[in-house]
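Presented below is the structure to which this report refers.
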Ligand code: VGL
Ligand code: ZN
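Numbering (the working numbering), first residue to last: 846 to 1052.
Following this line, the structure appears as structure tokens:
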């Protein structure tokens, strides 16, 4: 059972969004090719889905500016611009993404007191989203991931997939993903590789 996990391909992370990833929209045609390929038995999309005033937003902290390090529930936390607020255009999937063909949407980041980069659990690794149980129940043996942003939500989702789905082969599709910071992307790819995530391109995924 082969699954494709599309991470946070939302307006908020594309040009014109509130937390744009450079060239984030360029993952959409590649993701669509993967979705339409017939190579996957199961397609899942994650959706960053924050309440207004979420604790990861700089605007929720007096004197904090976006991209500074602040604190959330006593722990260091990157301060983000307000983004992907529930039921806003920013939180919607990119309009060209073939998300209607997804079998399951996993929302995350609803708890205002903790951020959730991973689609599997929040950043303090306490609360599970239910995605690991869903994939286990479906009998998934191979998981390909891609989307936005490589150095945050894609990386943490890939590492959690390796840890929480023992025996499942996990691959990161590089050309169907984009990151926020080039140095962060390089480090994320090294970390994923070191932890057993295979790095492939969409051509390999489609063969
Ligand atoms: C993300 C920062 C904050 C992501 C989500 O999808 O990579 N990054 N929220
Ligand atoms: Zn977020």
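Glycine residues also receive a C-beta, built at the ideal position from the N, C-alpha and C atoms.
Can you tell me which of the three DSSP states residue i falls into?
| i | result |
| --- | --- |
| residue 1025 | coil |
| residue 854 | coil |
| residue 915 | strand |
| residue 942 | coil |
| residue 878 | helix |
| residue 1040 | coil |
| residue 929 | coil |
| residue 890 | strand |
| residue 1014 | strand |
| residue 978 | helix |
| residue 861 | coil |
| residue 909 | coil |
| residue 972 | coil |
| residue 922 | strand |
| residue 1049 | helix |
| residue 935 | helix |
| residue 1005 | helix |
Counting C-beta neighbours from all protein chains within 10 Å, is the total for residue i 16 or more, i.e. buried, or is it exposed?
| i | result |
| --- | --- |
| residue 846 | exposed |
| residue 865 | buried |
| residue 950 | exposed |
| residue 1052 | exposed |
| residue 868 | exposed |
| residue 1002 | buried |
| residue 1048 | exposed |
| residue 870 | buried |
| residue 861 | exposed |
Just the C-alpha distance for residue i and residue j, rounded to the nearest angstrom, thanks.
| i | j | result |
| --- | --- | --- |
| residue 1013 | residue 850 | 13 angstroms |
| residue 857 | residue 912 | 16 angstroms |
| residue 932 | residue 940 | 15 angstroms |
| residue 1004 | residue 973 | 14 angstroms |
| residue 946 | residue 927 | 29 angstroms |
| residue 914 | residue 923 | 5 angstroms |
| residue 925 | residue 901 | 6 angstroms |
| residue 819 | residue 853 | Residue 819 falls outside the range modelled here, since the chain spans only 846 to 1052, and no answer is possible. |
| residue 929 | residue 1041 | 30 angstroms |
| residue 887 | residue 989 | 11 angstroms |
| residue 952 | residue 1050 | 25 angstroms |
| residue 877 | residue 943 | 6 angstroms |
| residue 955 | residue 1007 | 24 angstroms |
| residue 1024 | residue 1017 | 13 angstroms |
| residue 917 | residue 903 | 11 angstroms |
| residue 1039 | residue 905 | 36 angstroms |
| residue 896 | residue 910 | 19 angstroms |
| residue 885 | residue 971 | 30 angstroms |
Thinking C-alpha only, which one of the options is nearest residue i?
| i | options | result |
| --- | --- | --- |
| residue 957 | 889, 899, 1051 | 899 |
| residue 998 | 944, 871, 1022, 870 | 1022 |
| residue 1028 | 908, 920, 995, 971 | 995 |
| residue 893 | 985, 961, 907 | 961 |
Flag residue i as yes if its beta-carbon sits less than 8 angstroms from any beta-carbon of chain D, otherwise no.
| i | result |
| --- | --- |
| residue 914 | Looking for chain D here will not work: only one protein chain is present. |
Is any heavy atom of the ligand MN found at a distance shorter than 7 angstroms from the C-beta of residue i?
| i | result |
| --- | --- |
| residue 993 | This structure lacks the ligand MN; the ligands present are the ligand VGL and the ligand ZN. |
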